[in-house]
Amino acid sequence: GQNIDQPTEMTATEGAIVQINCTYQTSGFNGLFWYQQHAGEAPTFLSYNVLDGLEEKGRFSSFLSRSKGYSYLLLKELQMKDSASYLCAVRDRTGGFKTIFGAGTRLFVKA
Amino acid sequence: DTGVSQNPRHKITKRGQNVTFRCDPISEHNRLYWYRQTLGQGPEFLTYFQNEAQLEKSRLLSDRFSAERPKGSFSTLEIQRTEQGDSAMYLCASSFSGGSNTGELFFGEGSRLTVL
C-alpha cells in the first residue's frame with residue numbers, strides 16, 4: 017500500500033522562506049509531485065522529482081531522497097498569494113501508475 | 032478552452048437518488064483519473080483509465096460507484112443510491128504518458144455533490 021505524511025498546517029511571514037516536508041512509503045515508486053491548491057480551486061502542478069536531488073523552478077524548489085522516502089518543497093520570498101494547500105503526491109507503478117495524494121499542508125502567509 | 036472540463040459543477044440530490052458526472056479530458060491525454068475530495072483532505076483516488084481500459088478501482092469504493100470511458104475520450108462517474116457520506120467534490124484529472132513527459136495531472140474544476 018501507500019502512505020504519505022505531511023504537516024497539517026504551517027504559518028510563515030511574507031518575504032521569508034518555508035520548507036514543507038513529506039515522507040512516503042510505496043512499493044513501486046515512480047515519481048513525486050507537488051501541487052498547489054487554493055481554497056475552492058483545483059490543484060495545479062508545481063514540481064516533479066524522480067531522481068534524488070534538488071529541482072529548482074523560480075521561487076519554488078523541491079528535493080527528493082528515494083532511500084529515505086523523503087521530499088520537501090521550499091518556497092522562497094513568500095508572498096501573500098502563496099497562502100494555499102500544498103499537496104505531496106506519489107506515482108506508484110504497482111497496478112498501473114496511479115497517483116496518490118497526501119492530505120496536504122495548509123500554508124498561511126502573514127504580513 | 033482546452034483544459035479539463037467537468038459537468039455539472041454542482042449537484043444537489045436527495046438520498047437514494049442516482050447521479051452521474053461527466054469529464055472531458057485534454058484531447059491528447061491518454062490517462063484519466065477520478066478523485067474525491069472533502070474539506071481539509073487531499074484528493075482520494077477513486078479510479079483510473081488508460082485510454083478506454085479501467086486499470087484500477089479503489090477498494091474503498093463500494094459497488095454503488097461505477098465509471099466508464101467509452102472510446103478512450105470522455106468519462107462518466109455514476110453513483111447509485113447516493114448516501115449523505117457521498118457528499119464531496121469529485122475531481123477529474125488527465126495526463127499524457129510517453130516520452131520524456133513527467134505525466135503531471137491536469138485537473139478539472141470539479142463537480143460538487145451535496146446529498147440531502
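Line order of the protein sequences matches chains A and B. The working numbering puts the last residue of the first sequence at 127; the count rises by one with no breaks. The working numbering puts the last residue of the second sequence at 147; the count rises by one with no breaks. From the three backbone atoms N, C-alpha and C, an ideal C-beta is built for every residue, glycine too.
- Residue pairing by DSSP places E99 (chain B) opposite B:T107 in a beta bridge.
- Nearest C-alpha to Y64 (chain A) among A:A58, A:E72 and A:E57: A:E72.
- Burial state of D68 (chain A) is exposed, judged by a 10 Å Cβ sphere holding fewer than 16 other Cβ atoms.
- One finds F113 in chain A with Cβ atoms closer than 9 Å to the Cβ of S128 (chain B), taken in chain order.
- DSSP lists A:L91 as the bridge partner or partners of V34 (chain A).
- G116 (chain B) sits in a helix when the DSSP states are folded into three classes.
- A distance below 8 Å separates the beta carbons of C104 (chain A) and I20 (chain A).
- When Cβ-Cβ separations below 8 Å define contact, I36 (chain A) makes no contact with chain B.
- Interface criterion not met: the Cβ of A32 (chain A) is under 8 Å from no Cβ in chain B.
- Note: T145 (chain B) is bridge-paired with B:I43 in the DSSP secondary-structure output.
- Note on Q48 (chain B): under 16 other CB atoms within 10 angstroms of its CB, so exposed under the neighbour-count rule.
- Under the three-state reduction of DSSP, K97 (chain A) is assigned to helix.
- Close to chain A, meaning a Cβ-Cβ distance shorter than 7 Å, are the following residues of the stretch 98–123 of chain B: L122.
- Per DSSP, G112 (chain A) is not a residue of any beta strand (DSSP E), being assigned neither H nor E.
- In this structure, the alpha-carbon of I110 (chain B) lies about 5 Å from that of V50 (chain B).
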